[in-house]
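Visitor: I'd like to ask you about the structure that follows.
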Amino acid sequence: MRQCHLLNINRSGFYYEPRAETFENLFFMRMIDEQYLHTPFYGVRRMHAQINAAGHAVNIKRVRRLMRLMGLEAIYPKPNTSRPAKGERIYPYLLDQVKITNSNQVWSTDITYIPMKFGFMYLTAVMDWYSRYVLAWQLSNSLETGFCLEALEKALAIAKPDIFNSDQGSQFTSRRFTDRLESSGIRISMDGRRRALDNVFIERLWRSLKYEYVYLHAPENGRNLHDGLEKYFGFYNKARLHQALNYRTPAEIYFKS
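Residue numbers (the working numbering): 211 to 467.
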């Protein structure tokens with residue numbers, strides 16, 4: 211759509227149209243999503259065994275396809291023998307032994323699968339590590355880089371971090387994404403391949419979001435999901451008390467530090 215192109219808006223985000231799947235596959239994807247929150251080290255074989263142990267006959271090829279569609283892979287220590295695709299750049303993890311003492315010192319980002327009643331979408335967010343404040347978020351019905359860049363631009367309109375951390379997903383290793391960070395003088399940090407704790411704060415955000423909103427309300431469509439996320443992130447930033455923040459809100463910490 212020409213208007214979306216001129217405004218630099220991701221079409222999938224503009225329409226909020228969910229990805230379609232059969233009801234049966236959506237049921238299995240919901241099971242996989244909930245299990246993955248508890249056991250992110252489960253690969254295809256264990257996830258397949260888990261679903262069958264729950265009394266659902268499903269073949270391993272389907273589980274593999276659904277996990278790939280959801281963007282999920284097992285997290286476990288593994289020698290890094292993979293090479294980035296052409297045009298992608300991998301950066302070292304910069305946050306070992308780093309003490310986080312103020313807002314905008316470190317931001318991080320990630321993507322998660324969001325189930326809905328009649329389909330699913332992908333969500334990305336940019337979070338400040340020190341305060342847990344969610345600076346920006348964006349929905350898409352595909353895993354293309356565009357919606358991640360949109361979230362980044364929204365966050366950079368608020369402030370700029372010293373370090374930006376992500377995983378090694380193709381969205382974040384793409385030249386479009388890394389060039390945008392480097393052009394702003396931001397140092398880039400990337401998690402070790404399949405390491406569980408490198409981006410732990412945003413993983414906790416996904417867990418809270420899903421158990422406190424998504425699983426409770428089962429959004430019916432993309433517009434319903436967008437409106438619900440807008441309310442949830444407002445609550446998360448400005449009203450939800452965090453134990454790790456001495457029962458203060460992320461907004462209180464972010465704007466006062």
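The beta-carbon is built from N, C-alpha and C at its ideal position, and this holds for glycine as well.
Fair warning: this is a prediction, and the values are worked out from it, not measured in the lab.
1) Just to confirm before moving on: does the CB-CB distance between residue 376 and residue 340 stay below 8 Å?
2) Can at least three beta-carbon pairs, one atom from the region 350–358 and one from the region 375–390, be found at a separation below 8 Å?
3) Taking three-plus beta-carbon pairs below 8 Å as touching, is the region 432–443 in contact with the region 259–277?
4) Excluding the five sequence neighbours on either side, which residues of its own chain have a C-beta within less than 8 Å of the C-beta of residue 436, listed in chain order?
5) State the Cα-Cα distance for the pair residue 463 and residue 264, rounded to the nearest angstrom.
6) What is the C-beta distance between residue 362 and residue 332, in whole angstroms, given that I count them as a contact (C-beta under 8 Å)?
7) For residue 319 and residue 334, which I take to be in contact (beta-carbon distance under 8 Å), what is that distance rounded to the nearest angstrom?
8) Do you know whose CA, among 308, 422, 316, 325, lies nearest residue 281's CA?
9) Residue 328 and residue 250 - do their beta-carbons sit closer together than 8 Å?
10) Taking C-alpha atoms, which residue in 279, 245, 248 lies nearest to residue 235?
11) Quick check on the DSSP output: the alpha helix (DSSP H) that includes residue 432 runs from which residue to which?
12) Here's a check: name, in chain order, each residue in its chain whose Cβ is nearer than 8 Å to the Cβ of residue 270, leaving out the five neighbours to either side.
13) Can you tell which of 365, 428, 232 has its C-alpha closest to the C-alpha of residue 272?
14) Could you pull the start and end residues of the alpha helix (DSSP H) that residue 233 belongs to?
15) Determine whether the beta carbon atoms of residue 396 and residue 337 lie at a separation below 8 Å.
16) State the DSSP-derived secondary structure class of residue 293, mapped to helix, strand or coil.
17) Does the distance from the CB of residue 303 to the CB of residue 379 come in under 8 Å?
18) Can you tell me the Cα-Cα spacing of residue 237 and residue 322, whole angstroms?
19) Curious, which full-length beta strand (DSSP E) runs of at least 3 residues does the region 365–412 contain?
20) My output table needs one value for residue 461: the three-state DSSP class, helix, strand or coil.
21) What does the Cβ neighbour count give for residue 288, buried or exposed, with the cut at 16 atoms within 10 Å?
22) Would you call the CB atoms of residue 446 and residue 460 closer than 8 Å?
Guide: Here's the rundown:
1) Their beta carbons are not under 8 Å apart, which means residue 376 does not touch residue 340 by this criterion.
2) Short answer: they touch.
3) In short, these stretches do not touch, since the Cβ pair count stays below three.
4) 226, 349.
5) For residue 463 and residue 264, the distance between alpha carbons rounds to 43 Å.
6) Distance from residue 362 to residue 332 at the Cβ level is roughly 15 Å; contact not present, criterion being Cβ atoms closer than 8 Å.
7) Indeed they touch by this definition, with Cβ atoms about 6 Å apart.
8) Nearest to residue 281 by alpha-carbon distance, out of 308, 422, 316, 325, is 325.
9) In this structure, residue 328 does not lie closer than 8 Å to residue 250 by Cβ.
10) Looking only at 279, 245, 248, the smallest Cα-Cα distance to residue 235 is reached by 279.
11) In the DSSP assignment, residue 432 falls within the unbroken alpha helix (DSSP H) covering 432–448.
12) Leaving aside the five residues that flank residue 270 on each side, the residues in its chain whose CB is nearer than 8 Å to its CB run, in chain order, 254, 255, 258.
13) Measuring from the Cα of residue 272, the nearest candidate turns out to be 232.
14) 233–248 is the extent of the alpha helix (DSSP H) around residue 233.
15) No; because the gap between Cβ atoms is not below 8 Å, this pair is not in contact.
16) Residue placement at residue 293 is poorly supported in this model, since its pLDDT is 46, which falls under 50; the coordinates still yield a value, given next. In the displayed model, residue 293 falls within coil according to three-state DSSP, outside both helix and strand.
17) No, the Cβ-Cβ distance between residue 303 and residue 379 is not below 8 Å.
18) Answer to the nearest angstrom: the Cα atoms are 17 Å apart.
19) Listed in chain order, they are 373–376, 397–400.
20) When secondary structure is reduced to three states using DSSP, residue 461 falls in the helix class.
21) Reliability of the predicted coordinates at residue 288 is poor, the pLDDT of 46 falling under 50, and the value obtained from them is presented with this limitation in mind. Label assigned to residue 288: exposed.
22) Contact flag set, yes.
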